[in-house]
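Engineer: Right, I'll just put the structure down here and ask away after.
Number of protein chains: 2
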Amino acid sequence: MGENNRRKILVAVDESNESTYALSWCLKNLVSVQNSNDTLILLFAKTPVAVHTAMDSSGYMFTSNIIASMEKYGKEVAEHVMHKAKQVCKDLNDHVTVEIVVEHGDPRDVICEVAERLKVDILVMGSHGYGAIKRAFLGSVSNHCAQKVKCPVLIVKKPKSNAADH
Amino acid sequence: MGENNRRKILVAVDESNESTYALSWCLKNLVSVQNSNDTLILLFAKTPVAVHTAMDSSGYMFTSNIIASMEKYGKEVAEHVMHKAKQVCKDLNDHVTVEIVVEHGDPRDVICEVAERLKVDILVMGSHGYGAIKRAFLGSVSNHCAQKVKCPVLIVKKPKSNAADH
Numbered sequence: 125m126g127e128n129n130r131r132k133i134l135v136a137v138d139e140s141n142e143s144t145y146a147l148s149w150c151l152k153n154l155v156s157v158q159n160s161n162d163t164l165i166l167l168f169a170k171t172p173v174a175v176h177t178a179m180d181s182s183g184y185m186f187t188s189n190i191i192a193s194m195e196k197y198g199k200e201v202a203e204h205v206m207h208k209a210k211q212v213c214k215d216l217n218d219h220v221t222v223e224i225v226v227e228h229g230d231p232r233d234v235i236c237e238v239a240e241r242l243k244v245d246i247l248v249m250g251s252h253g254y255g256a257i258k259r260a261f262l263g264s265v266s267n268h269c270a271q272k273v274k275c276p277v278l279i280v281k282k283p284k285s286n287a288a289d290h
Numbered sequence: 125m126g127e128n129n130r131r132k133i134l135v136a137v138d139e140s141n142e143s144t145y146a147l148s149w150c151l152k153n154l155v156s157v158q159n160s161n162d163t164l165i166l167l168f169a170k171t172p173v174a175v176h177t178a179m180d181s182s183g184y185m186f187t188s189n190i191i192a193s194m195e196k197y198g199k200e201v202a203e204h205v206m207h208k209a210k211q212v213c214k215d216l217n218d219h220v221t222v223e224i225v226v227e228h229g230d231p232r233d234v235i236c237e238v239a240e241r242l243k244v245d246i247l248v249m250g251s252h253g254y255g256a257i258k259r260a261f262l263g264s265v266s267n268h269c270a271q272k273v274k275c276p277v278l279i280v281k282k283p284k285s286n287a288a289d290h
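Laid out in structure tokens, this is it:
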């Protein structure tokens, strides 16, 4: 590793296996094992609970109970994703400093905003995160971020051949 | 650096300062100085000489002399780009193995083809290479490659603040 040995590496994590693969690849290939002054920042974007006012016309409203359930579910997903991500870090590089960031919002905006705000040295992400359904609505998160953020962007695709690995 | 210490790193180089910056970033951040078993493959795509048959209607034809001059110019550009890129490698990491690949064709196709053929571990490229005019015709080379190649892709943007650096 060269002169930049106090780097901030932002890794966007989500529920997908591809995101876990991207994190593993980053730990194996980008983070120095010998002399790691790198800080790995794990970022999870919680898509906000959507209260669709369009549904009012049918007389249907989300009750506060339903909203609370959805928020609880979102919180549980975030905790699960972060627990899994931290375990991957521990397994592959026990010395690297790991920080956790969970923010509400569209992943595309959240990732770009956090990358700029924290002045990270590199953004690492899977290419097909955030699930097929969300992606259909949001477009490719990685494409969007690769074009918008100013720092280097590493897009890691999970090989199809070893789908069982993380 | 983790277990993958015999890696093939493909770096797409061209005439742009951004491509030189991407190569430098890669050498400083991705290639291990201490124990480099990495092979850095520098790839330059020479856009083929276009003989526009549409021009025949005006009675104008490229003479063999003009074609020879254009090919000579293309060869000189390739040599200049590779000389500069090898110098950057020598300055930043004298131990890394460097290989040179020059191929004819649309950079988008050439980069994707070489990445697959050589089974590289990562593709590194600037985000705005190949000049503004060519880009207007070709579209973003990095966008295209990031979507098409199967290996991880690192897109490095040159910061505007230190435009004088390489």
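Residue numbers (the working numbering), protein chains in the order written: chain A, 125 to 290; chain B, 125 to 290.
Using N, Cα and C, we set each Cβ at its ideal position, and we do this for glycine too.
Quickly, what does DSSP pair residue 228 of chain B with across the bridge? List them, please.
Structural biologist: Answer is B:170.
Engineer: If I follow the unbroken alpha helix (DSSP H) through residue 147 of chain A, where does it start and stop?
Structural biologist: Here the alpha helix (DSSP H) through residue 147 of chain A covers 141 to 153.
Engineer: Do residue 144 of chain A and residue 223 of chain A have their CB atoms nearer than 8 Å?
Structural biologist: Contact: no.
Engineer: Roughly how many angstroms separate the alpha carbons of residue 246 of chain A and residue 137 of chain B, rounded to a whole number?
Structural biologist: Going by the C-alpha atoms only, they are around 20 Å apart.
Engineer: What did DSSP end up calling residue 284 of chain B once you bin it into helix, strand or coil?
Structural biologist: It is coil, neither helix nor strand.
Engineer: Specify the secondary structure class of residue 134 of chain A as computed by DSSP and reduced to three states.
Structural biologist: Correct three-state label for residue 134 of chain A: strand.
Engineer: Would you kindly report the start and end of the unbroken alpha helix (DSSP H) that includes residue 247 of chain B?
Structural biologist: No alpha helix (DSSP H) holds residue 247 of chain B; the beta strand (DSSP E) holding it covers 246 to 250.
Engineer: Between residue 280 of chain A and chain B, is there a C-beta pair that is closer than 8 Å?
Structural biologist: By this cut-off, residue 280 of chain A is an interface position.
Engineer: Compare the C-beta of residue 274 of chain A against all C-beta atoms of chain B and say whether one is closer than 8 Å.
Structural biologist: Chain B, which has a Cβ nearer than 8 Å to the Cβ of residue 274 of chain A, makes this yes.
Engineer: Tell me, which residues are paired with residue 278 of chain B by DSSP?
Structural biologist: Answer is A:278, B:248.
Engineer: By DSSP's criteria, residue 165 of chain B is part of a beta bridge. Which residues make up the other side?
Structural biologist: B:134, B:223, per the DSSP bridge assignment.
Engineer: Once you ignore the five residues that flank residue 178 of chain B on each side, which residues in its own chain have a CB closer than 8 Å to its CB?
Structural biologist: Because residue 178 of chain B sits at a pLDDT of 43, beneath the cut-off of 50, its placement in the model cannot be relied upon, and the point is left open.
Engineer: Flag this pair as yes or no: are the beta carbons of residue 205 of chain A and residue 168 of chain A separated by less than 8 Å?
Structural biologist: Yes.
Engineer: Given this structure, state the Cα-to-Cα distance separating residue 210 of chain B from residue 269 of chain A, to the nearest angstrom.
Structural biologist: Approximately 31 Å between the Cα atoms of the pair.
Engineer: What is the C-beta distance between residue 170 of chain B and residue 202 of chain B, in whole angstroms, given that I count them as a contact (C-beta under 8 Å)?
Structural biologist: Right, the Cβ-Cβ distance comes to about 6 Å (below 8 Å), so this counts as a contact.
Engineer: With DSSP run on the structure shown, which of helix, strand or coil describes residue 273 of chain A?
Structural biologist: Of the three classes helix, strand and coil, the one that applies to residue 273 of chain A here is coil, per DSSP.
Engineer: Straight-line CA distance for residue 239 of chain A to residue 232 of chain B?
Structural biologist: Those two C-alpha atoms are separated by around 28 Å.
Engineer: Can you grab the Cα-Cα spacing for the pair residue 324 of chain A / residue 278 of chain A, in whole Å?
Structural biologist: The shown model of chain A, from 125 to 290, leaves out residue 324 of chain A, and the question about it has no answer.
Engineer: In chain order, what residues of the same chain lie with their CB nearer than 8 Å to the CB of residue 151 of chain A, ignoring the 5 residues before and after it?
Structural biologist: 164, 212, 213, 216, 217, 220.
Engineer: With a CB to CB cut of under 8 Å and the five nearest residues on each side skipped, what residues in its chain are close to residue 172 of chain B?
Structural biologist: 228, 229.
Engineer: Measure from the C-beta of residue 283 of chain B to each C-beta in chain A and report whether the shortest distance is under 8 Å.
Structural biologist: Cβ-Cβ to chain A under 8 Å: yes for residue 283 of chain B.
Engineer: Does chain B have any CB closer than 8 Å to the CB of residue 270 of chain A?
Structural biologist: By this cut-off, residue 270 of chain A is an interface position.
Engineer: Quick check: the Cα distance between residue 134 of chain B and residue 188 of chain A, rounded to an integer number of angstroms?
Structural biologist: Cα to Cα, the separation comes out at about 54 Å.
Engineer: May I ask you to list, following chain order, the residues of the region 222 to 234 of chain B that have a beta carbon less than 7 Å from some beta carbon of chain A?
Structural biologist: Cβ contacts with chain A come from no residue of the region 222 to 234 of chain B.
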